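Going down the list, the protein sequences come from chains A and B.
Following the numbering used here from start to finish, the first sequence increments by one per residue and tops out at 273.
Following the numbering used here from start to finish, the second sequence increments by one per residue and tops out at 255.
Here is the structure we will look at.
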Amino acid sequence: MKKYLTFFRLYLKDGSAYKIDIILSMAINVVYFMIQFAVWKAIYTSSGVSEINSYSISSTITYHLIGTVFFKIDSAEQIMLSDWIWEGELTKDLIKPWNIKFVQFIMYVANTLYSVVMYIPVLILLFLAFHNYVILPSFEYLIYFVITLVLVTILGLVFFGIFHCLTFFYGDQSGQISLIGYLTAGVAGGFFPLDFLPSNLAWFFNHLPFRFFFNTPAKIFLEKYSITEIYYNWVEMIIWIIIFYIIFHYLFKKGLTMFTGVGR
Amino acid sequence: MIKTIVKYWRVTWVMIKNSYIRDSKITGHTVSKLLAQVVEILIYIVFFGIIFRNVDSLGGWSYHQVLFLYFYSRAIMLLNNMMFKKGFARFAKLMVRKGEYDFYVIKPINPMYLVSINNPQAYIGVSASFYLLAAAYSLIHSQIEIHLVNIIWLILLSVTGYLLYYFLNVICVVPTFWFIRLYTLKDIIYKANHFMRYPIGIFPNALKFAFMVIFPIAVVSYIPAVTIFYPPKIMYIVYMIVITIIFGFIANAFWKFGERHYSSASS
């Protein structure tokens, strides 16, 4: 376990090596959020409505603010497996006395943790700037939200890990992974709450596992779920994690037998 | 002058041809990227549909006008990305850090142009055409009478907007000369360009000023879009042309200034 902890620590250090990059990245997130804010404020102000499908302006703005956290997790891009397979880098890990899947998990957690933790000051800043429009949950719901965040991170790894494994079979998958990431964000409520969709579409997307990447955690933050519904969502997430993990594990094992170690 | 233009055109053409050959060998990858653009168009049609179920206009613009602005701005961005995105990304990530910029400085071509053109992606031109079609569809359905003079001005201002977007892109990546490796620089323009996609009227005055004057990214799409829907305002047109020329000078001077801080791979 010590070697994994050392690797985790080193990987965290590597991520923090270029501080200007991180600061700039946060500034960009602020700009993006301000655009969302301006758009939704204009919509609510010019329409004169106080609620759209049970979302007040504050709920919608908070939804987008929380959405920026999930864009920071960005499972599709945080996993390095596809690049390592395609560039032959994985060879180095195959000859080391450690579990490759676990190393990938560590890297992914380090990347995600670093992005999210470094984003907290920005969130606080945004909250102070837009406090009239941001709804904060009770402490109890904040805990539920954090637990959901952890589950979402694991779900993201096993789900996108499947597409990374396809590199073993079909070569470079970076285009497909970006596409799946984009599509997933769209149907997960990354651009707007799924409840804004026409009822039949909303029903359909609310029964797909992708909703866990944005819509569900944001709704937990907004306290739009009862405690029972939250537990139900967690159980469903765990089931999806198991299903995706089985597929990921199978593809990874099968893929390793086809891996030639030749980088492109 | 003509010899120089021919030289630059030949370099550009060779790069595009290489890009086509490269893209045609990775069909799956290319098709995925194209599919992503189609999906984005559909997502935003749904998105604006949702918005306009609740409002009659956004910043004084109707549903089809907003759709036009959105798709038109995406087309301008994509046409720029087709030629320059990868080149700038490579510059921000690798060229200065690894000293690859040496290769570009010693060529008898403006290094700023050569860097930006070094890795075009021909298939993005196809994506841009999807957006242009979607913009044309929105224009037709806007039920606003469009005159020939509006179309002529739109074409001229699109060229100006394309150049302005290019110069702003240059300004965003020049700090790489100082910071050596700054991955995020390549993303600034792609986040800031969200200001191009919505009617400027919805933003607070401070942001309007910032993105119409200081970093005039909103000008790229907003003024051409206004010109197609309403009688052309000479003041807007002159402003757009003047600001493009000014930012052309700024981009060029900033690049040369940054270049002085370049000290090859030892940097």
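Just so you know, even glycine gets a beta-carbon here, dropped at the ideal spot from N, CA and C.
In this text, all values refer to a predicted model and were calculated from it rather than measured experimentally.
{"Item": "Secondary structure of Ile256 (chain A), DSSP reduced to three states", "Value": "helix"}
{"Item": "Member of B:Tyr119, B:Lys73 and B:Leu145 whose CA lies at the smallest distance from the CA of Tyr60 (chain B)", "Value": "B:Tyr119"}
{"Item": "Contact with chain A by Ser255 (chain B), beta-carbon distance below 8 Å", "Value": "Reliability of the predicted coordinates at Ser255 (chain B) is poor, the pLDDT of 46 falling under 50, and the value obtained from them is presented with this limitation in mind. Output row for Ser255 (chain B): interface = no."}
{"Item": "Cβ separation of Ala110 (chain B) and Tyr8 (chain B), assumed to be a contact under 8 Å, to the nearest whole Å", "Value": "4 Å"}
{"Item": "Beta-carbon proximity check, Trp243 (chain A) vs Leu160 (chain A), cutoff 8 Å", "Value": "yes"}
{"Item": "Beta-ladder partner(s) of Trp49 (chain B), from DSSP", "Value": "B:Leu46"}
{"Item": "Under the three-state DSSP convention, the category Tyr72 (chain A) falls into", "Value": "helix"}
{"Item": "Reference Gln25 (chain B); option with closest CA among A:Phe16, A:Tyr240 and A:Gln185", "Value": "A:Gln185"}
{"Item": "Cutoff 8 Å: Tyr274 (chain B) Cβ touching any chain A Cβ", "Value": "Given that chain B is displayed from residue -11 to residue 255, the structure contains no residue 274 (chain B) and the question cannot be resolved."}
{"Item": "8 Å Cβ cutoff, Ile159 (chain B) in contact with chain A", "Value": "no"}
{"Item": "Collapsed DSSP secondary structure at Ile275 (chain A) in the structure displayed", "Value": "Outside the displayed range of chain A (10 to 273) lies residue 275 (chain A), so it cannot be described from this structure."}
{"Item": "Contained beta strand (DSSP E) runs [length at least 3] in the stretch 193 to 249 of chain B, N- to C-terminal order", "Value": "none"}
{"Item": "Cα-Cα separation, Thr162 (chain A) to Tyr150 (chain B)", "Value": "39 Å"}
{"Item": "Contact with chain B by Met89 (chain A), beta-carbon distance below 8 Å", "Value": "no"}
{"Item": "Met116 (chain A) versus Tyr191 (chain A): straight-line alpha-carbon distance, rounded", "Value": "22 Å"}
{"Item": "CB contact below 8 Å: Leu66 (chain B) versus chain C", "Value": "Absence of chain C from the displayed structure is noted, the protein chains being A and B."}
{"Item": "Contact set for Pro187 (chain B): own chain, Cβ-Cβ below 7 Å, skip 5 residues either direction", "Value": "Leu46, Gly47, Gly48, Trp49, Val54 and Leu57"}
{"Item": "Reference Lys12 (chain A); option with closest CA among A:Phe219, A:Ile52, A:Trp212 and A:Val112", "Value": "A:Val112"}
{"Item": "Asn224 (chain A): first and last residue of the uninterrupted alpha helix (DSSP H) it sits in", "Value": "Asn224 to Phe230"}
{"Item": "Top-ranked residue by Cα proximity to Ser177 (chain B), from B:Tyr210, B:Ile97 and B:Val158", "Value": "Correcting the residue type first, residue 177 (chain B) is Ile in the shown sequence and not Ser. Among B:Tyr210, B:Ile97 and B:Val158, the Cα nearest to that of Ile177 (chain B) is on B:Val158."}
{"Item": "Contact between the stretch 166 to 179 of chain A and the stretch 251 to 262 of chain A (3+ Cβ pairs under 8 Å)", "Value": "yes"}
{"Item": "Cβ-based burial, Val137 (chain B) [other Cβ within 10 Å; buried from 16]", "Value": "exposed"}
{"Item": "Alpha carbon of Asn193 (chain B) to alpha carbon of Lys179 (chain B), nearest angstrom", "Value": "19 Å"}
{"Item": "Between the CA atoms of Met200 (chain B) and His182 (chain B) - distance to the nearest angstrom", "Value": "13 Å"}
{"Item": "Span separating the alpha-carbon of Ile205 (chain B) from that of Phe213 (chain A)", "Value": "38 Å"}
{"Item": "Contact with chain A by Val2 (chain B), beta-carbon distance below 8 Å", "Value": "no"}
{"Item": "Among A:Pro207, A:Met89 and A:Thr157, the one whose alpha carbon lies nearest that of Ile75 (chain A)", "Value": "A:Thr157"}
{"Item": "Assigned secondary structure, Thr269 (chain A) (DSSP; H/G/I helix, E/B strand, else coil)", "Value": "coil"}
{"Item": "As assigned by DSSP and simplified to three states, the class of Gln182 (chain A)", "Value": "coil"}
{"Item": "Minimum Cβ-Cβ distance from Val40 (chain A) to chain B less than 8 Å", "Value": "yes"}
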